[in-house]
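Read in order, the letters of the sequence shown are residues 179 to 305 in the working numbering.
For each residue, glycine too, the CB sits at the ideal point set by N, CA and C.
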Amino acid sequence: MSSETRLFERFDDIGRVESSELCPLSGILDNVSREGCKVHYNFPVVVDLDNDYEIKMTFARNASEGSLQLICHPQWVREENGCTEIGFKILPSKEYPRLVEYIEKLGLEAKSEDFGSEINSSSCQFI
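Shown next as structure tokens:
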């Protein structure tokens, strides 16, 4: 993994990731941004770092909106204790605009949560 600065905010989110080219079983989404995502499998997965993968991503909180078909390229792979983590770069895909829309919603939610916690932690008193 590189220590480069991210261009876009990354959000912790959960969902299912499917790619028949990568593995017949689903992986679990850990986080997502406009430029990439991190996925893990609870078992070893062989990843070709030179290959692009067609991925079907379903967000748990947005499952009623259906899945997104995206093209991703693996940037790094880490195996530990029999589990596999993969960092993907999201490439231009037909449904990329839907991903951007979803991530913008996550950003708005995060900002409203931050604003709510600022209000709750203020020490205003009325006399």
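Reference Asp228, options Gly205, Pro202, Glu257 and Lys267, closest by Cα: Position 50 of the sequence shown, counted from the first residue, corresponds to residue 228. Closest by alpha carbon: Lys267.
On the DSSP letters alone, give me the boundaries of the beta strand (DSSP E) that Val195 sits inside. Within the sequence shown, the letter at position 17 stands for residue 195. Val195 -> beta strand (DSSP E) spans Phe189 to Ser197.
One or two residues paired with Gly205 in a DSSP bridge: Along the sequence shown, read from residue 1 onward, the residue named residue 205 stands at position 27. The beta-bridge partner set that DSSP reports for Gly205 consists of Val195.
7 Å Cβ cutoff met for Tyr231 and Ser197: In the sequence shown, the residue the question calls residue 231 occupies position 53. In the sequence shown, the residue the question calls residue 197 occupies position 19. Yes, Cβ-Cβ distance for Tyr231 and Ser197 is below 7 Å.
Give the straight-line distance between the Cα atoms of Val224 and Leu200, rounded to the nearest whole angstrom. For the purposes of this step, residue 224 is identified with residue 46 of the sequence shown, where counting begins at 1. For the purposes of this step, residue 200 is identified with residue 22 of the sequence shown, where counting begins at 1. The alpha-carbon of Val224 is positioned some 8 Å away from that of Leu200.
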